[in-house]
Amino acid sequence: MNMDTPKRDQPGESALYGSWHVAGVAVSDSGVQALEDNDPSFMGRRLSFNHDQLAWKASAGSTEDVCKGPVFHKLPTISGAELEPQLHKLGIEKAVPYGVECTSGSWGPLDKESPVFFLAQNGSLALSWYDGGMLKLVRD
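Residues 1 to 140 (the working numbering) are what the sequence shown spells out, left to right.
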């Protein structure tokens, strides 16, 4: 682990960097959903997050968001309260919410003030995505 990380890093931000794959999908139990729990269109898909960009690896559908120059914002814990049921389904408890701002490009359906990533204590990550889906990401 390189300890000479750039000063723009916030504590915890480096925990979001790396190669990930989708290990679970959770949707809200209320209303009609375009996705299903553990939706096969997302399961096993891989993502790569680093200082330069957030991106999906290999195209497999229409979600080809790329966020160049991501800047993470740690958010108040309460900011993801309405997503608790989905986080719970994915086995993610007491997660720290982060918003993300892209220097260019876009990432997901939400703005920078909305919780996009939830970093769990066990190191797994939840990603709030399109169609009300919550994706559980684990390191490759």
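Even for Gly, the Cβ is constructed at its ideal location relative to N, Cα and C. The structure presented is a predicted model; accordingly, all values stated were derived computationally and were not measured.
Is Lys57 buried or exposed, if buried means 16 or more other CB atoms sit within 10 Å of its CB?
Answer is exposed; the Cβ neighbour count stays below 16.
Is it right to say Ile92 is buried, meaning 16 or more other beta carbons lie within 10 angstroms of its own, or is it exposed?
By the 10 Å Cβ count, Ile92 comes out buried.
Contacts around Lys7, its chain only, beta-carbon distance under 8 Å, and the 5 residues preceding and following it disregarded:
Because the pLDDT of Lys7 is 43, which lies under 50, any placement of that residue in the model is unreliable, and the question is left without a value.
Measuring alpha carbon to alpha carbon, tell me which residue in Gly80, Leu110, Leu137 is nearest Cys102.
Cys102 has its Cα closest to that of Leu110, out of Gly80, Leu110, Leu137.
Here's the rule: buried if 16 or more other CB atoms are within 10 angstroms of the residue's CB, otherwise exposed. What is Ser124?
Buried: at least 16 other Cβ atoms inside 10 Å.
Could you check the C-alpha separation between Thr5 and Cys67 for me, to the nearest Å?
Caution applies to Thr5, whose pLDDT of 39 falls short of 50 and renders its modelled position unreliable; the value that the coordinates give is listed next. The straight-line gap from Cα to Cα measures roughly 20 Å.
Distance check for Glu82 and Val27, CA to CA, integer angstroms please.
Just so you know, the alpha carbons of Val27 and Glu82 end up roughly 12 Å apart.
So is Leu54 buried or exposed if we call it buried at 16+ other beta carbons inside 10 Å?
Leu54 should be labelled buried.
Taking just the CA atoms, how far does His88 sit from Asp9?
The predicted position of Asp9 is uncertain, since its pLDDT is 45 and thus under 50; no value can be drawn from it.
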